[in-house]
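Residue numbering for the sequence shown follows this note's numbering, starting at 1 and increasing by one per position. Yeah, the Cβ is synthetic: ideal placement off N, Cα and C, and Gly gets one too. Here is the structure we will look at, set down as structure tokens.
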Amino acid sequence: MCWWSTVAGSPAEFVGLLRQARVVGVLRAGSAETAYQAAQAAVKGGLKMIEFTFTTPQVTQVIERFRNEYPGLPVGAGTVMNADQAAAAIKVGAQFLVSPHLGEDIQEVALQRGIPYVPGVLTPTEIVRVLSLGVPVIKLFPAGSAGGTAYLKDLLGPFPDLKVMVTGGIKPARVSDYLQAGALAVGLGSQLFPSQAMQDGDWNAVKEATAHALLESK
């Protein structure tokens, strides 16, 4: 049985999945078919956890199709902006939700359905608010341009138990730096899904980019 054969039934299990995955693929695409094909290629390249964003057309169809094809691989919905999107994603099988902000309406839906929610935050004030809601994991975004590993370490000073996934402007070679600085996992987008390869439908290039990025991130 592979490590991702079951997906988080508790906050602790979700934290464990992120820690083992190390890298979460953040996939934005211009069409549903492009997203599906790119995700397949990334999995072949070794990706163990993926997030399909709501900026992708017909993303719920992609999530449902991918969950049916890869029932054991953790699949989430990203750029979730409201409760309706959260409910729609969960309905088709999304196993975790991610947003660029703290959406209390999203958190309410996630709690009702027993699905992990990872809200985007940046400041200590936002972190305190998130923790008061019982959110198990936060997304530090945009981590790269906000100060990188130094900023992450500064945040973990007053919040030593904070569980963090970092995204935004991070290169694969820096993944291990973020993990050593205290991050659970790192979200990578264009490093796994190069724009030219996506436009050309060059899925082998996506597979190779993913494999290279994962190797470089160790």
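Between G93 and R67, the C-beta gap is smaller than 8 angstroms, which places the two residues in contact. Of all alpha-carbon atoms in S176, L140 and G76, the one lying nearest the alpha-carbon of E216 is that of S176.
If one requires a minimum length of 4 residues, the alpha helix (DSSP H) runs lying completely within the stretch 15-73 are 32-44 and 59-69, in chain order. For L179, the secondary structure class from DSSP, reduced to helix, strand or coil, is helix. At least 8 angstroms separates the beta-carbon of A41 from that of K218.
Around the beta carbon of A21, 16 or more other beta carbons lie within 10 angstroms, which makes this residue buried. For G148, DSSP assigns no beta-bridge partner whatsoever. By alpha-carbon distance to M49, the top candidate from G182, V23, V121 and T149 is V23.
Only residues of its own chain outside the window of five on either side were considered, and among them G168, G169 and I170 have a CB closer than 6 angstroms to the CB of G144, listed in chain order.
V186: not part of any alpha helix (DSSP H); member of the beta strand (DSSP E) spanning A185 to L188, first to last residue. Proximity to G30 across G76, G201, V164 and T210 peaks at G201, based on C-alpha coordinates. Taking a 10 Å sphere around the C-beta of E51, we find 16 or more other C-beta atoms and assign the residue as buried. According to the DSSP assignment, T125 belongs to the alpha helix (DSSP H) that extends over P124 to S132. From the listed residues L184, A173 and G148, the smallest Cα separation to P160 is found for L184.
The DSSP-derived three-state label of L97 is strand. Around the beta carbon of S99, a 10 Å sphere encloses 16 or more other beta carbons of the protein chains shown; the residue is thus reported as buried.
Assignment of beta-bridge partners to K139 by DSSP yields G120 and M165.
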